[in-house]
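Notes to accompany the following structure.
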Amino acid sequence: MIKIDRLTKRYGDPETGPLVLDSLSLQVATREIAAVVGPSGAGKSTLAQCTTLLERPTSGSIVVNGDELTGLGARELRLARRRIGTIFQSDGLLSRRTAAQNIALPLEYLGVTKAGVRARVGELLDRVGLLDRAHHYPHELSGGQRQRVGIARALALRPTVLLSDEATSGLDPDSTASIVALLAELRDELDLSILFITHEMETVLAVADTVARLDRGRIVESGALVDLLRDPDSELGATLRPHRAAQQAGAGEAPWRVQYGEDGVPADWLSVLAAELGSPVSLLGASIETVHGRVVGHATIGLRATDAPLTVAALRRLGLEGVPVSQPTAAPARARALETAS
Amino acid sequence: MTAARIAGPLVSVSVPPLEIPALVLPALVDTLVMVGIVMSIVVLLGVPLGALVHNLAPGGLVENAALHRPLSAVISIGRSLPFLILMASIMPFTRLITGTNIGIAAAVVPMAIAGIAFFTRIVENSLRGVPADLVRVSRAAGASPLQIVRTVQLGEAVPSIIGGLTINTIAMIEYSAIAGTIGAGGIGYVAVTYGYQRFDHGVMVATILTLVALVALVQFAGDRLVRVATPRARITRATTPRSIPA
Numbered sequence: 000m001i002k003i004d005r006l007t008k009r010y011g012d013p014e015t016g017p018l019v020l021d022s023l024s025l026q027v028a029t030r031e032i033a034a035v036v037g038p039s040g041a042g043k044s045t046l047a048q049c050t051t052l053l054e055r056p057t058s059g060s061i062v063v064n065g066d067e068l069t070g071l072g073a074r075e076l077r078l079a080r081r082r083i084g085t086i087f088q089s090d091g092l093l094s095r096r097t098a099a100q101n102i103a104l105p106l107e108y109l110g111v112t113k114a115g116v117r118a119r120v121g122e123l124l125d126r127v128g129l130l131d132r133a134h135h136y137p138h139e140l141s142g143g144q145r146q147r148v149g150i151a152r153a154l155a156l157r158p159t160v161l162l163s164d165e166a167t168s169g170l171d172p173d174s175t176a177s178i179v180a181l182l183a184e185l186r187d188e189l190d191l192s193i194l195f196i197t198h199e200m201e202t203v204l205a206v207a208d209t210v211a212r213l214d215r216g217r218i219v220e221s222g223a224l225v226d227l228l229r230d231p232d233s234e235l236g237a238t239l240r241p242h243r244a245a246q247q248a249g250a251g252e253a254p255w256r257v258q259y260g261e262d263g264v265p266a267d268w269l270s271v272l273a274a275e276l277g278s279p280v281s282l283l284g285a286s287i288e289t290v291h292g293r294v295v296g297h298a299t300i301g302l303r304a305t306d307a308p309l310t311v312a313a314l315r316r317l318g319l320e321g322v323p324v325s326q327p328t329a330a331p332a333r334a335r336a337l338e339t340a341s
Numbered sequence: 000m001t002a003a004r005i006a007g008p009l010v011s012v013s014v015p016p017l018e019i020p021a022l023v024l025p026a027l028v029d030t031l032v033m034v035g036i037v038m039s040i041v042v043l044l045g046v047p048l049g050a051l052v053h054n055l056a057p058g059g060l061v062e063n064a065a066l067h068r069p070l071s072a073v074i075s076i077g078r079s080l081p082f083l084i085l086m087a088s089i090m091p092f093t094r095l096i097t098g099t100n101i102g103i104a105a106a107v108v109p110m111a112i113a114g115i116a117f118f119t120r121i122v123e124n125s126l127r128g129v130p131a132d133l134v135r136v137s138r139a140a141g142a143s144p145l146q147i148v149r150t151v152q153l154g155e156a157v158p159s160i161i162g163g164l165t166i167n168t169i170a171m172i173e174y175s176a177i178a179g180t181i182g183a184g185g186i187g188y189v190a191v192t193y194g195y196q197r198f199d200h201g202v203m204v205a206t207i208l209t210l211v212a213l214v215a216l217v218q219f220a221g222d223r224l225v226r227v228a229t230p231r232a233r234i235t236r237a238t239t240p241r242s243i244p245a
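Residue numbers (numbering that gives the first Met the number 0), protein chains in the order written: chain V, 0 to 341; chain L, 0 to 245.
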């Protein structure tokens, strides 16, 4: 596991330089994929750089499996870096080395014997499904294959922590899906802690156990993915699963965002709700799906009743969490298209 | 120039055409020896120097402005002097090392100095073309600065450095001809003493043709080596299917 504690980074002067990471704390347990999302400039890259200690943090600590990595000398630091595998957005493969030779690189740095290198590289190539591409040069591989080589190289030294810095950015959806699936498998097989830095919400939904939202160098919201998706107040949850109601609320109707709770929700909850509130309820949009084996559902409804506390209580009785939305959440273009169609 | 002309024989005696090869070929060997010795020294010292200058610079692996500035300044001085002036100005130094002012040995010293300065900049420029991402990946894999220089920086820059080596070798052939004017031997010496001072057009044309052929050959060989060293430029294995999805 990796524990980042009150990590602060200022570039230039440690007192007055621009603050990029502001006392950031983050923990990734063993066999956990922790996603860090955030707008560009939020400090994601700096977090990645500091985690591998390519950039020295101004203060704070990074602990991998109980060992403090910050404050090490240059030599110890080089050794410590080997405990964190890193995959980057650019695959970072040397163009004049074959896939196998690229994977061998960290082993060569460590001084592993030729036979040892060959055996380990074979194992890794097999694991990422590129045994038949061992002697291909990077330019002869697809983007997804190159990233697989990058993953194999990152795992060469058997790290316990894997840092993925925008590793799927720039890949096509199929390659992204297969890389993400591979990471999830490797996490289980190798008991990895994966710190997954990305700006792609789809990827987060597919792979993350926990999510943290970084903004201006601070973690402003974090939690388990499913909890965030289920929390109607969560901005991160709303970003991860953008609410797109199919229709806009009618005249005299107030739109509400409703989230399914942990327990089952009665199939006829709309009519039950309408009966309880004593006024009609219109369904503007809804979706139900399974994330990490748990049901995540949400809906947008139009309500005529205006007593908010009463409505919230009525929803709770049905196993739902609801909040009124100030702005209609319908995507205008889509709604208009539907109107024309009907 | 006028002095040189007057010093030469007043009546020009042309070398018979059939004897020209006997005159030019040994000179060509001299030139090749001179350039060969110089280029060996240049590569041996220029590669580490270029890597050092590149990595002492801001953003380098062993960033150090206090060392980078003077080192870079010395190289710039070596680069800025026209070869003829460099050659003349370091004559005492040359004599100190080789004990002579003339001949191949004496020409090698100024040529090597000019060549090292030239090649250091070429290597530095080649290393600058290596993407910073690749260095970052290897640092993250726990590589030492020396390992990064060897595997990533120099490794990736090999084609570019070979290209630079070609340019440098051709420049050294040119310098060897200039060195010929102070009696260093080689093609340049023959061109100056026979072609220029004795108005022997036959020898002049022969030396020009020899030099053109030599430069063309070096360029051809260099280009071929660059291709061989660049996997992307090699003929791709057309038979290998590349349809396996990622």
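Note that CB positions come from ideal geometry on N, CA and C, so glycine has one too.
Keep in mind it's a predicted model, so treat the numbers as computed, not measured.
Query, Result
"THR51 (chain V) versus chain L: which residues are under 7 Å apart at the beta carbon?", "ALA139"
"DSSP puts GLU67 (chain V) in a beta bridge; with which residues?", "V:VAL62"
"Between ILE193 (chain V) and chain L, is any beta-carbon pair separated by less than 9 Å?", "no"
"Flag GLU107 (chain V) as yes if its beta-carbon sits less than 9 Å from any beta-carbon of chain L, otherwise no.", "yes"
"Return the chain-ordered list of same chain residues with a C-beta closer than 8 Å to the C-beta of VAL225 (chain V), the five sequence neighbours on each side being excluded.", "VAL290, HIS291, ARG293 and VAL295"
"Can you list, in chain order, the residues of its chain with a C-beta nearer than 6 Å to that of ASN64 (chain V)? Leave out the 5 residues immediately preceding and following it.", "THR159"
"Suppose the cutoff is 8 Å on Cβ atoms and the five residues either side in sequence are ignored; what does the same chain contact list for PRO240 (chain L) look like?", "Residue placement at PRO240 (chain L) is poorly supported in this model, since its pLDDT is 46, which falls under 50; the coordinates still yield a value, given next. So the list is empty, once near-sequence residues are dropped."
"Would you say GLY221 (chain L) reaches chain V, if we count a Cβ-Cβ gap shorter than 9 Å as a contact?", "no"
"Alpha carbons only, please: which of V:LEU92, V:GLN100, V:THR85 and V:THR51 is nearest the one belonging to GLU75 (chain V)?", "V:THR51"
"What is the C-beta distance between PHE247 (chain L) and GLY163 (chain L), in whole angstroms, given that I count them as a contact (C-beta under 8 Å)?", "Since the displayed chain L opens at 0 and closes at 245, residue 247 (chain L) lies outside it and no answer follows."
"So is TYR10 (chain V) buried or exposed if we call it buried at 16+ other beta carbons inside 10 Å?", "exposed"
"With H, G and I counted as helix, E and B as strand and the rest as coil, what does DSSP make of HIS134 (chain V)?", "coil"
"Got a sec, what are the start and stop residues for the alpha helix (DSSP H) VAL134 (chain L) sits in?", "131–139"
"If you drop the 5 nearest sequence neighbours on each side, which residues of the same chain put their C-beta closer than 7 Å to that of VAL225 (chain L)?", "PRO158, ILE161 and GLY162"
"Between V:ARG30, V:LEU20, V:THR57 and V:GLU31, which has its C-alpha nearest GLY40 (chain V)'s C-alpha?", "V:LEU20"
"Taking its Cβ as the centre, do 16 or more other Cβ atoms sit within 10 Å of VAL108 (chain L), making it buried, or is it exposed?", "buried"
"Do the stretch 99–106 of chain V and the stretch 191–200 of chain V meet, that is, are 3 or more Cβ pairs less than 8 Å apart?", "no"
"With distances taken Cα to Cα, identify the nearest neighbour of SER281 (chain V) among V:GLU288, V:ALA266 and V:ALA298.", "V:ALA298"
"Can you list, in chain order, the residues of its chain with a C-beta nearer than 7 Å to that of SER192 (chain V)? Leave out the 5 residues immediately preceding and following it.", "MET0, ILE1, VAL27, ALA28, THR29, GLU31, THR159 and VAL160"
"From LEU317 (chain V) to LYS43 (chain V), what distance separates their C-alpha atoms?", "40 Å"
"In chain order, what residues of the same chain lie with their CB nearer than 6 Å to the CB of VAL37 (chain L), ignoring the 5 residues before and after it?", "VAL107, MET110, ALA111, GLY114 and MET171"
"Tell me whether the beta-carbon of THR209 (chain V) lies closer than 9 Å to the beta-carbon of ALA34 (chain V).", "yes"
"Give a yes or no on whether 9 Å exceeds the smallest Cβ distance from ALA153 (chain V) to chain L.", "yes"
"As a quick exercise: from L:GLN196, L:VAL204 and L:LEU44, pick the residue whose alpha carbon is nearest that of ALA116 (chain L).", "L:LEU44"
"What are the start and end residues of the beta strand (DSSP E) that includes GLY296 (chain V)?", "293–302"
"Would the stretch 55–73 of chain V count as touching the stretch 122–140 of chain V if we require 3 or more Cβ pairs under 8 Å?", "no"
"With the cut-off set at 9 Å, would you say ILE181 (chain L) and ASN100 (chain L) are in Cβ contact?", "yes"
"What is the DSSP secondary structure of VAL14 (chain L), reduced to helix, strand or coil?", "coil"
"Residues of the stretch 144–155 of chain L in Cβ contact with chain V at a cutoff of 8 Å, in chain order, please.", "GLN146, THR150, VAL151, GLY154 and GLU155"
"Does chain V have any CB closer than 9 Å to the CB of ARG135 (chain L)?", "yes"
"Nearest to LEU210 (chain L) by alpha carbon, out of L:SER13, L:PHE82 and L:LEU31?", "L:LEU31"
"Is the Cβ-Cβ distance between GLY185 (chain L) and GLU123 (chain L) less than 9 Å?", "no"
"For a quick check, are the C-beta atoms of GLY321 (chain V) and ILE287 (chain V) less than 9 Å apart?", "no"
"What residue range does the alpha helix (DSSP H) around PRO69 (chain L) cover?", "64–79"
"Measure how close the beta-carbons of LEU38 (chain V) and ASP214 (chain V) come, nearest whole angstrom, since I'm counting them as under 8 Å.", "Looking at the sequence itself, residue 38 (chain V) is Pro, so the reference to Leu does not match. Indeed, because the Cβ distance is near 7 Å, the residues count as touching under 8 Å."
"Alpha carbons only, please: which of L:VAL148, L:ALA139, L:PHE198 and L:ALA215 is nearest the one belonging to ARG82 (chain V)?", "L:ALA139"
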